[in-house]
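Q: Under my numbering, residues -11 to 275 are what the sequence shown spells out, in order. From the three backbone atoms N, C-alpha and C, an ideal C-beta is built for every residue, glycine too. Structure incoming, see below.
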Amino acid sequence: MKIFRQGIRYVGFPILFLSFSTILIEFSGNLWVAYSTLSFLVLMGMTLERFIPFEKTWNGSDSDSRSDLFFFAIQPIVAPLAGSVVAGIVHRSMSVFDGSATSLIGSSLWSQILIGMFFSGLIPYWIHRFSHARDGFLWRVHSIHHSPKRLYWMNAFRSHPINTILNTGGALLPALLLGLHPDAVLIVGMLNNFVSIYNHMNIDFRLGILNRIFNMNELHRWHHSKVPAEGNNNYSSGAFAFWDIIFGSYYLPPKKMDRNLVGLYQPDKFPSRSILKQILFPICKCS
-11 MKIFRQGIRY VGFPILFLSF STILIEFSGN LWVAYSTLSF LVLMGMTLER FIPFEKTWNG
49 SDSDSRSDLF FFAIQPIVAP LAGSVVAGIV HRSMSVFDGS ATSLIGSSLW SQILIGMFFS
109 GLIPYWIHRF SHARDGFLWR VHSIHHSPKR LYWMNAFRSH PINTILNTGG ALLPALLLGL
169 HPDAVLIVGM LNNFVSIYNH MNIDFRLGIL NRIFNMNELH RWHHSKVPAE GNNNYSSGAF
229 AFWDIIFGSY YLPPKKMDRN LVGLYQPDKF PSRSILKQIL FPICKCS
C-alpha cells in the first residue's frame, strides 16, 4: 500500500491530466461528456484528499464551510453567464469591425488547444497580480478566495462573483480574438478548470520538474500563504505556470509549507462570518 501511495503522489496528476485531455479530444464538443468527466474527477480528487493528504487536519470542517457551500452553489451560474456575455460582446464588436480578428480555424485541434491554453492565462495573470498589488478594490474582491485557513477542493469555487466575471472574461477573450474553434475553447476551459480545482485540493502530489509547466498544488499552496513574501507569487490562474516564469513571480522553495500559514495577511479586516458582508465587502468595506 505504501508503494501504491507513493506512485499516486508522483504519477497521479500526469495520468489524470492526460486521460482527461484524451477524453475531451475524443469527444470534442460534447458538453455532457466534458462536464460529467470533470465531475467524476472532482469526486476522485475528494477521495485522494483522504488517501494521500498534504495535511490531515485540513480535511476537517471549520467555520468557513457555510460560505464554501454558498460560493460553490453560485459559481456554476455566474461563470457561464459571464462567458456568454463576453462572447456576445466580442462577436458583436467583430461584426462592427468586419470580423477582422485573427482566425485559427484551419489549424489542427491540438495546436489550437495549446495556443488557447497558453494565452488563456495571460489576462487572468495580470488581474490576479494587480489584485495583490495594493489594498484596493481588486484585493477586496479577491480576498474572499484567500480568507480560509486551510486548502481543500472547495477553495477553488470560493470566489466573489466580480472576481469570477473578471477571470472568466479574461480567460475567454484571447480564444475569441484568436478565432479558436468552439471545440478548442471548450477543451481549454475544461482543462483550466480541472487544474484550478485540483491545485487547491489537499492532495500530496509531487510533480518534480513538471512544476515548471503545470500550476499545481506544490506551487499554488504558496500563493495562499499569509506571509506576503510567499503569497505574492504564483499568480497563474490556468493550467500552466508559464506566465509566472516569464514575469518573475514563480516561487517554489524546497521546504514544506507550514499548515498554520494559510490565510489572509490582515484577517481582522475581513468579514469572515457574514456571507452578505463578504459579497458587499468590495464596495462598502464592511467588516
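In chain order, what residues of the same chain have a beta carbon less than 7 Å from the beta carbon of residue 110, not counting five sequence neighbours either side?
A: Around residue 110: 162 and 231.
Q: Starting from the N-terminal side, write out each stretch of the beta strand (DSSP E) that is 3 residues or longer and does not extend beyond the segment 97 to 145.
A: DSSP runs (the beta strand (DSSP E)) wholly in the segment 97 to 145: none.
Q: Start and end of the alpha helix (DSSP H) containing residue 211?
A: 205 to 211 is the extent of the alpha helix (DSSP H) around residue 211.
Q: Using CA atoms only, rank isn't needed, just tell me which of 254, 134 and 42 is closest to residue -6.
A: It is 42 whose Cα lies nearest to the Cα of residue -6.
Q: Can you round the beta-carbon distance between residue 251 and residue 135 to whole angstroms, since I take them to be within the 8 Å contact cut?
A: Residue 251 to residue 135, Cβ: 7 Å. Contact.
Q: Per DSSP, what are the beta-bridge partners of residue 30 in this structure?
A: Bridge partners of residue 30: none, in fact.
Q: Tell me residue 250's beta-bridge partners as DSSP assigns them.
A: BP columns for residue 250 point to 213.
Q: Measuring alpha carbon to alpha carbon, tell me which residue in 13, 23 and 139 is nearest residue 213.
A: Residue 213 has its Cα closest to that of 139, out of 13, 23 and 139.
Q: Whole angstroms are fine: how far does the CA of residue 40 sit from the CA of residue 28?
A: C-alpha separation (whole angstroms): 18 Å.
Q: Out of 108, 244, 198 and 177, which has the shortest C-alpha to C-alpha gap to residue 210?
A: It is 244.
Q: Which residue wins for smallest C-alpha separation from residue 114, given the options 130, 169, 2 and 102?
A: When each option's Cα is compared against that of residue 114, the closest is 130.
Q: Roughly how many angstroms separate the alpha carbons of residue -10 and residue 37, rounded to a whole number?
A: The straight-line gap from Cα to Cα measures roughly 16 Å.
Q: Is the beta carbon of residue 1 less than 8 Å from the beta carbon of residue 195?
A: Going by C-beta atoms, residue 1 is nearer than 8 Å to residue 195.
Q: Tell me, to the nearest whole angstrom, how far the beta carbon of residue 218 is from that of residue 186; I am working on the premise that it is less than 8 Å.
A: About 21 Å separates the two Cβ atoms, so there is no contact after all.
Q: Here's the rule I'm using: 16 or more other beta-carbon atoms within 10 Å means buried, otherwise exposed. How should residue 3 be labelled?
A: That one is exposed.
Q: Using DSSP bridges, identify the partner residues of residue 202.
A: Answer is 228.
Q: Could you tell me if residue 175 is buried or exposed, where buried requires 16 or more neighbouring beta carbons within 10 angstroms of its beta carbon?
A: The residue is buried, with at least 16 neighbouring Cβ atoms inside 10 Å.
Q: In three-state DSSP terms, what is residue 80?
A: Of the three classes helix, strand and coil, the one that applies to residue 80 here is helix, per DSSP.
Q: Are the CB atoms of residue 148 and residue 270 within a distance shorter than 8 Å?
A: Yes, Cβ-Cβ distance for residue 270 and residue 148 is below 8 Å.
Q: Using 8 Å as the threshold, is the C-beta distance between residue 78 and residue 165 below it?
A: Yes, Cβ-Cβ distance for residue 78 and residue 165 is below 8 Å.
Q: For residue 142, collect the residues of the same chain with a Cβ closer than 6 Å to its Cβ; drop the 5 residues on either side in sequence, then sort them by chain order.
A: Cβ neighbours of residue 142 beyond the five flanking positions: 56 and 60.
Q: When you compare each of -1, 46 and 227 to residue 246 by their alpha carbons, which one comes out closest?
A: If we check each option's Cα against that of residue 246, 46 comes out closest.
Q: Could you tell me the boundaries of the alpha helix (DSSP H) in which residue 52 lies?
A: No alpha helix (DSSP H) holds residue 52; DSSP gives it neither H nor E.
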